[in-house]
Amino acid sequence: MKRRVSRKEPLVYVGMAADFIHHGHVHIIEEARKLGKVVVGLLTDEYVPNLRKLKPAFVVHGDDWKTGVQREARARVIKVLKGWGGKLVEPAYTTGISSGELIAYAAQTGISATERMARLRRALEVKDLVRILEAHSGLSGLIVEKAKIIKQGRTVEFDGIWESSLTDSASKGKPDIAVVDMHSRLQTINELLEVTTKPIVVDGDSGGLIEHFIFTVKSAERLGISSLIIEDKIGSKRNSLFGTSVKQLQDTPKNFSEKITAGKRAQVSDDFMIIARIESLILDMGQKDALKRAHAYIEAGADGILIHSKAKTPGEIFSFCKEYRKFRAQAPLVVVPTTYSQVSEDALRRAGVRMVIYANHLLRASYPSMRKAAETILRYGRAAEASKYCLPIKEVLNLIPYENSSS
Ligand code: SPV
Ligand code: MG
Numbered sequence: 028m029k030r031r032v033s034r035k036e037p038l039v040y041v042g043m044a045a046d047f048i049h050h051g052h053v054h055i056i057e058e059a060r061k062l063g064k065v066v067v068g069l070l071t072d073e074y075v076p077n078l079r080k081l082k083p084a085f086v087v088h089g090d091d092w093k094t095g096v097q098r099e100a101r102a103r104v105i106k107v108l109k110g111w112g113g114k115l116v117e118p119a120y121t122t123g124i125s126s127g128e129l130i131a132y133a134a135q136t137g138i139s140a141t142e143r144m145a146r147l148r149r150a151l152e153v154k155d156l157v158r159i160l161e162a163h164s165g166l167s168g169l170i171v172e173k174a175k176i177i178k179q180g181r182t183v184e185f186d187g188i189w190e191s192s193l194t195d196s197a198s199k200g201k202p203d204i205a206v207v208d209m210h211s212r213l214q215t216i217n218e219l220l221e222v223t224t225k226p227i228v229v230d231g232d233s234g235g236l237i238e239h240f241i242f243t244v245k246s247a248e249r250l251g252i253s254s255l256i257i258e259d260k261i262g263s264k265r266n267s268l269f270g271t272s273v274k275q276l277q278d279t280p281k282n283f284s285e286k287i288t289a290g291k292r293a294q295v296s297d298d299f300m301i302i303a304r305i306e307s308l309i310l311d312m313g314q315k316d317a318l319k320r321a322h323a324y325i326e327a328g329a330d331g332i333l334i335h336s337k338a339k340t341p342g343e344i345f346s347f348c349k350e351y352r353k354f355r356a357q358a359p360l361v362v363v364p365t366t367y368s369q370v371s372e373d374a375l376r377r378a379g380v381r382m383v384i385y386a387n388h389l390l391r392a393s394y395p396s397m398r399k400a401a402e403t404i405l406r407y408g409r410a411a412e413a414s415k416y417c418l419p420i421k422e423v424l425n426l427i428p429y430e431n432s433s434s
């Protein structure tokens, strides 16, 4: 039997774009129920088509969307509701929900490849800045997964993992010249996949030949990687931060655009993202070239643009952002503030950046302690003095909990 929504009770619309349904969401539904018959729009931030169809008397949403990236969605809802005199009701956002507990739950129960993959797109839809940190092993992946602090009453943590060519190579004692090939990189990625649930963004170097890139996209997507970022370089691979001090060649916009389009055609799901990384500022080719390429790559189907810079200050990044904001076709903008590290997330957010990648910090953090410990043992002819650079042995033993279900 077809159930009809009774028109006697006012219709109340609740949009829900959540990975986990928690008591905050239940509270919103309960508040909505007090106003009438509730319709929940699942996994959507795009209210307008549903609202036009249903013409609800009320839309109910937590008041947290008055600020941040959802601000614009809110403005659209208010505007469209005016069409038939509908009202927006905004109960106070439920604070104190521990996303950590939810993540721990996800880690315990595991996560499917497709669910993990979709999480990056979802994060970009609902967060005004997505924060990604590098990991190069299972252990460093666990740090990205679990690190969190409370700042001004809110939990702050990383939204995903950067699988870097530089740090994956360095952790194997190899230079960043693609000598650690995709086959080896996939092994590191598998280590990360095994012990984490957060989205993984993979540094795909140049993506290689178009016909090879297609296979890389398919492998990445199958594993549940959320995004491959490929840079518009060709020839012998060198790390971007060398800039023009070594020979690095940039691909033509035409060829690189073809690679992006081929990759997009190869993917199966809608959630996988191919992000195009522009090396024009790295190679001193100027803003004009960078902006021209950004246009071309978006046109070719790129799901995001990474504008890279090796400058010591963020000036050239901000200049790029200023022009990028004027583009009619937009794709999330990504930056890697390694050399201009004094820039704050707030400043990047205000400039329109949507994803920030801290590309090498866990590897760089571990190296000085390891070297100090090694030199200290040599200096003193014993290990006691090195302890201050080391995790206490008891903590090492308990670092990775092991629950033996048979005991
Ligand atoms: C990496 O982390 O390998 C990168 C970023 O590609 S950079 O080292 O800045 O080129
Ligand atoms: Mg790299």
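Numbering (my numbering), first residue to last: 28 to 434.
Cβ coordinates follow ideal geometry from the N, Cα and C atoms, glycine included.
- Judged by their CB atoms, D259 and D230 are not nearer to each other than the 9 angstroms cut-off.
- R212 counts as buried, since no fewer than 16 other beta carbons sit within 10 angstroms of its beta carbon.
- With contacts defined as CB atoms closer than 9 angstroms, A247 and P280 fail to qualify as a contacting pair.
- For the region 339-378, the full-length alpha helix (DSSP H) segments reaching 4 residues or more read 342-351, 372-378 along the chain.
- CA-CA distance, G42 to V67, rounds to 6 angstroms.
- For E161, the CB falls within less than 8 angstroms of some heavy atom of ligand 1.
- No Cβ-Cβ contact shorter than 9 angstroms links A100 with V39.
- Restricted to the region 226-257, the beta strand (DSSP E) segments that are unbroken, complete and at least 3 residues in length are 227-230, listed in chain order.
- Excluding sequence positions up to five before and after T403, its CB lies within less than 6 angstroms of the CB of E412, A413, all in the same chain and listed in chain order.
- If you check the CB distance, I188 and K154 do not come in under 9 angstroms.
- DSSP places F85 in the strand class (E or B) of the three-state scheme.
- Two segments are said to touch when three or more pairs of C-beta atoms, one from each, lie closer than 8 angstroms; by this definition the region 350-366 does not touch the region 161-178.
- E372 and K274 have their C-alpha atoms roughly 32 angstroms apart.
- Taking 8 angstroms as the cut-off, the C-beta of S139 does not count as close to any heavy atom of ligand 2.
- Looking only at I257, T194, T94, the smallest Cα-Cα distance to E306 is reached by I257.
- Between the alpha carbons of A329 and L318 lies a gap of roughly 14 angstroms.
- Rounded to whole angstroms, the separation of the alpha carbons of L424 and M397 is 18 angstroms.
- For the region 102-186, the full-length alpha helix (DSSP H) segments reaching 4 residues or more read 126-136, 140-153, 165-173 along the chain.
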